[in-house]
Amino acid sequence: MTVRTITALRLEVAKIRRLRLWPVAAVLGVVAVAFSLP
Numbered sequence: 001m002t003v004r005t006i007t008a009l010r011l012e013v014a015k016i017r018r019l020r021l022w023p024v025a026a027v028l029g030v031v032a033v034a035f036s037l038p
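Under the numbering used here, the first residue of the sequence shown is numbered 1, with each subsequent residue one higher.
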């Protein structure tokens with residue numbers, strides 16, 4: 001494993017984490033709005 005492949009893998013993991021977090025954040029936002037409405 002060279003340094004270049006390790007950094008590439010780290011970037012891919014970061015991308016996957018961000019993509020995974022977006023739907024969760026969207027759902028939480030919708031739930032928060034739904035609860036704040038009367």
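A virtual CB, placed ideally from N, CA and C, is assigned to each residue, including glycine. Here the structure is a predicted model, which means the values were calculated and not measured.
First through last residue of the alpha helix (DSSP H) which encompasses residue i
i, result
"Thr2", "Careful: Thr2 lies outside any alpha helix (DSSP H) and carries neither H nor E."
Alpha carbon of residue i to alpha carbon of residue j, nearest angstrom
i, j, result
"Ser36", "Leu19", "26 Å"
"Thr7", "Arg17", "15 Å"
"Ala26", "Leu9", "26 Å"
"Thr5", "Ala14", "14 Å"
"Gly29", "Leu11", "27 Å"
Three-state secondary structure assigned by DSSP to residue i
i, result
"Pro23", "helix"
"Leu94", "It is not possible to answer for residue 94, since the shown part of the chain is limited to 1 through 38."
Residues near residue i in its chain [Cβ-Cβ closer than 6 Å; skip 5 each side]
i, result
"Val3", "none"
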